[in-house]
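> Take the position in the sequence shown, starting the count at 1, then add 232; the result is the number in the numbering used here. Just so it is clear, CB atoms sit at the ideal spot from N, CA and C, and this is done for glycine as well. Because the structure is a prediction, the values reported are computed rather than measured. Dropping a structure here in structure tokens format, bear with me for questions.
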Amino acid sequence: MLNRYPLWKNLLILLLLALGLLYAAPNLYPDDYAIQLSGTREAYHVDEPLLERITTVLEREGISSKGTEVENGSGLVRFADGASQLRAKAVIAGLLGDQYVVAMNLAPTTPDWLSALGAGPMKLGLDLRGGVHFLLEVDTVQAVAQRLDVYVSEIKTKLRQEKLRYRLVDHRSDGSLEVKFADEAMRDEARSLLRKDYPEFLLSDETVDGAFFVVINLTEQTVRDIEDYAVKQNLTTLRNRVNELGVAEPLVQRQGRNRIVVQLPGVQDAAAAKRIIGKTANLEFRLEASPQATGVTTETYEFRSQPGREATIERDIIITGSSVANAQAAFDENGQPQVSITLDAKGGQMMGRVTRNAIQRRMAVLFVEYKSRTLTETVDGVAQERRIPYVEKKIISLATIQSVLGSQFRITGLDSATESSELALLLRAGALAAPIYFVEERSIGPSLGAENIALGVMSVKIGLALVLVFMVLYYRVFGILANIALSLNLVLLVAVMSLMSATLTLPGIAGIVLTVGMAVDANVLIFSRIREELNNGVPGQSAINAGFSRAFTTILDANVTTLIAALILFAMGTGPVKGFAVTLSVGIVTSMFTAIVVTRALVNLTYGGRKLNRLAL
Numbered sequence: 233m234l235n236r237y238p239l240w241k242n243l244l245i246l247l248l249l250a251l252g253l254l255y256a257a258p259n260l261y262p263d264d265y266a267i268q269l270s271g272t273r274e275a276y277h278v279d280e281p282l283l284e285r286i287t288t289v290l291e292r293e294g295i296s297s298k299g300t301e302v303e304n305g306s307g308l309v310r311f312a313d314g315a316s317q318l319r320a321k322a323v324i325a326g327l328l329g330d331q332y333v334v335a336m337n338l339a340p341t342t343p344d345w346l347s348a349l350g351a352g353p354m355k356l357g358l359d360l361r362g363g364v365h366f367l368l369e370v371d372t373v374q375a376v377a378q379r380l381d382v383y384v385s386e387i388k389t390k391l392r393q394e395k396l397r398y399r400l401v402d403h404r405s406d407g408s409l410e411v412k413f414a415d416e417a418m419r420d421e422a423r424s425l426l427r428k429d430y431p432e433f434l435l436s437d438e439t440v441d442g443a444f445f446v447v448i449n450l451t452e453q454t455v456r457d458i459e460d461y462a463v464k465q466n467l468t469t470l471r472n473r474v475n476e477l478g479v480a481e482p483l484v485q486r487q488g489r490n491r492i493v494v495q496l497p498g499v500q501d502a503a504a505a506k507r508i509i510g511k512t513a514n515l516e517f518r519l520e521a522s523p524q525a526t527g528v529t530t531e532t533y534e535f536r537s538q539p540g541r542e543a544t545i546e547r548d549i550i551i552t553g554s555s556v557a558n559a560q561a562a563f564d565e566n567g568q569p570q571v572s573i574t575l576d577a578k579g580g581q582m583m584g585r586v587t588r589n590a591i592q593r594r595m596a597v598l599f600v601e602y603k604s605r606t607l608t609e610t611v612d613g614v615a616q617e618r619r620i621p622y623v624e625k626k627i628i629s630l631a632t633i634q635s636v637l638g639s640q641f642r643i644t645g646l647d648s649a650t651e652s653s654e655l656a657l658l659l660r661a662g663a664l665a666a667p668i669y670f671v672e673e674r675s676i677g678p679s680l681g682a683e684n685i686a687l688g689v690m691s692v693k694i695g696l697a698l699v700l701v702f703m704v705l706y707y708r709v710f711g712i713l714a715n716i717a718l719s720l721n722l723v724l725l726v727a728v729m730s731l732m733s734a735t736l737t738l739p740g741i742a743g744i745v746l747t748v749g750m751a752v753d754a755n756v757l758i759f760s761r762i763r764e765e766l767n768n769g770v771p772g773q774s775a776i777n778a779g780f781s782r783a784f785t786t787i788l789d790a791n792v793t794t795l796i797a798a799l800i801l802f803a804m805g806t807g808p809v810k811g812f813a814v815t816l817s818v819g820i821v822t823s824m825f826t827a828i829v830v831t832r833a834l835v836n837l838t839y840g841g842r843k844l845n846r847l848a849l
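Here you go:
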């Protein structure tokens, strides 16, 4: 019979629509403003008594909270509005001091029964949810200096292997290296060796006070390659760190020659975000200095977990954290935290070569952090901030080498399981090839995000209302049926976006507005085709059937070409363009389903199996 779906098809459509309503439902539950609490060290726990003390202090300050909870070692205090959250943050931070990290956040309110079904709200981008924006600068000068440090160790090893006696290999203030010899013939032989093995060196000779020097500079192309590698490596490392910590849809991309932009949606507190991405640290593995070593070849550092305790180690670096291929936090046989290290092939060879001749000597693991102090200076009556970078190096482990070390070994002597986990994450995500410094930081508050959402929703409402009114006035009953399908299309669009964990941005809302207009396009084609059939004298049931079947090819062609364009936008675009492309692609698929299948089902239920004298079209 014309215009009748079998029962199974109607039930399938109802099931899909019910699932759409179910998985779109979490978006009806807005996030709560919240304060997230976690200890800076494992010794500082977040528990119920601590949260009760916080609640008491907040009530004394006239700040009411919606509730508290403890989960996975961190605490959460919920608030009704952003103003209360902001005031509470200052009060809680003053109460807890430096022992805890106090960060503003947004906490989901999705009911447990929905969460158990895997339903959750759409993620919101930086422009809708708020978050933090950082502009970081890579210290490319330090990247070149670090590469020169490696060259110093390599040159010393090579000269020793060739039995070329030198007096000194060191840096000069102008960024070059100098190799000092007592004999001119020895210098000339060393220069020939270095020229053959290091084509990236520019070599020159100097003679000062009877001493003979080979002066080493890097070629301009080599310097550019080192700088470019440092920025690319830091970009990859920052992406890995942010991804490991589960920040939803972060933006980490290069800007200019030596800068990186990082945007973290949903993270409202800049200090907390800095803690996530600002660990600009590395590791250095060095041997402990022998008793007869001179001060020229050694350095003394303090232990990181034992202030006041010091050890003297060699200047020569065996390997750095950049040679680490994998790192996992674990516990040793005594229940103490440790980090199991796996090196890459080159790093394993270097470690084996050095430790082969260092059995029963101790090896230090040096934790290197790149920091900066900000000084405020008055220049011509105007206060200006000046950043002074500095490097802090401390020993985290000093252990005896029991056997030759290869590609796998472990670091012990760590203070807590939290420290071992963070160190493993740092190494696993990749070492920074050069220090990075925060040049600019700004927070996009949730109030601005709420305004963007309100304006975006308003635009969708206006567009939807105009379309609904037009369809009813022009197509009568068929217009009402199309409007029902259009509303269901929005529900399905939101449900699919939520299931995909896609991030909704302001351009994404623009994609929804466009989808609203495009969604009725298929209905217009179908209804116009039905009108043509009626005008040609075709009976009502046959006209309906012909309208849906003959318009299908046109609808498919139009939507597929738009879908291809959306996929190209997704593949070629970045950031907001991708958000628009995702929303548009999903909207095209759901609008085709609702226009062709759902509208047909509604028309069948309304007119199917009846004798039609006229159609309200």
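Just the Cα atoms here: how many angstroms apart are G407 and Y383?
For G407 and Y383, the distance between alpha carbons rounds to 13 angstroms.
> Restricting to runs no shorter than 4 residues, where is the alpha helix (DSSP H) found entirely within the segment 412 to 475?
Here the runs fully enclosed are 416 to 429.
> Once DSSP output is grouped into helix, strand and coil, what is the label at V302?
The answer is strand: DSSP assigns V302 an E or B state.
> A562: which of T644, Y622, I628 sits nearest, CA to CA?
Checked all of T644, Y622, I628; the closest Cα to A562 is T644.
> Nearest to I796 by CA position, among V623, V818, L338, G772, is which residue?
For I796, the nearest C-alpha among the options comes from V818.
> Does DSSP put A734 in a helix, a strand or coil?
Coil at A734, not helix or strand.
> Taking C-alpha atoms, which residue in P539, R536, G540, R547 lies nearest to A525?
Ranking P539, R536, G540, R547 by Cα distance to A525 puts R547 first.
> By the 10 Å Cβ neighbour count, where 16 or more other Cβ atoms means buried, how is S424 classified, buried or exposed?
Result: exposed.
> Taking the beta strand (DSSP E) that L368 falls in, what are its first and last residues?
Residues 363 to 370.
> Determine the closest residue to T451 out of A751, S296, L380, T815, with distance taken between C-alpha atoms.
The residue with the shortest Cα to Cα distance from T451 is L380.
> Could you tell me which uninterrupted alpha helix (DSSP H) segments, each at least 4 residues in length, are contained entirely in the segment 801 to 847, listed from first to last along the chain?
Qualifying alpha helix (DSSP H) stretches, in chain order: 808 to 824, 831 to 839.
> With a cut-off of 8 angstroms on the beta carbons, I'd call L849 and R761 a contact; round off their distance for me.
Going by Cβ atoms, the distance from L849 to R761 rounds to 11 angstroms, so no, they are not a contact pair.
> Quick check: what's the CA-CA separation for T632 versus A543?
C-alpha separation (whole angstroms): 13 angstroms.
> What does DSSP give as the partner residue(s) for D264 in the beta ladder?
DSSP, once it has assigned bridges, lists A339 as partnering D264.
> Going by beta-carbon coordinates alone, are F812 and G740 separated by less than 8 angstroms?
Yes, the pair counts as a contact, with Cβ atoms nearer than the cut-off.
> For the ligand SAH, any of its heavy atoms closer than 7 angstroms to the Cβ of V701?
The model on display carries no ligand, and the ligand SAH is accordingly not part of it.
> At what residues does the beta strand (DSSP E) containing D402 begin and finish?
Where D402 is concerned, the enclosing beta strand (DSSP E) stretches over 400 to 403.
> Alpha helix (DSSP H) containing V289: first to last residue?
Note, V289: alpha helix (DSSP H), 280 to 292.
> Rounded C-beta distance between A798 and V752? I'm assuming under 8 angstroms.
No, A798 and V752 are not in contact; Cβ-Cβ is about 18 angstroms, not under 8 angstroms.
> Are there 16 or more other CB atoms within 10 angstroms of the CB of D264, so buried, or fewer, so exposed?
Buried, by the Cβ-count rule.
> If I'm right that V745 touches S691 with Cβ under 8 angstroms, what's the distance once you round it to whole angstroms?
Right, their Cβ atoms sit about 6 angstroms apart.
> Quick check: the Cα distance between I712 and F759, rounded to an integer number of angstroms?
Straight-line Cα distance between these residues: approximately 12 angstroms.
> Suppose the cutoff is 8 angstroms on Cβ atoms and the five residues either side in sequence are ignored; what does the same chain contact list for V689 look like?
Cβ neighbours of V689 beyond the five flanking positions: I741.
> Counting Cβ pairs closer than 8 angstroms, one from the segment 580 to 592 and one from the segment 564 to 571, do we hit at least three?
Verdict: no, contact absent.
> Rounded to the nearest angstrom, what separates S270 and V333 at their Cα positions?
Looking at the two C-alpha atoms, the distance is approximately 5 angstroms.
> Using the Cβ count rule (16 or more neighbours within 10 Å means buried), how would you classify S296?
The residue in question, S296, is exposed, as its Cβ has fewer than 16 Cβ neighbours within 10 Å.
> Flag this pair as yes or no: are the beta carbons of S639 and T587 separated by less than 8 angstroms?
Taking 8 angstroms as the Cβ cut-off, S639 and T587 do not qualify as a contacting pair.
> Three Cβ pairs or more, each shorter than 8 angstroms: is that satisfied between the segment 399 to 418 and the segment 434 to 450?
Judged by Cβ distances under 8 angstroms, the segment 399 to 418 makes contact with the segment 434 to 450, as three or more pairs qualify.
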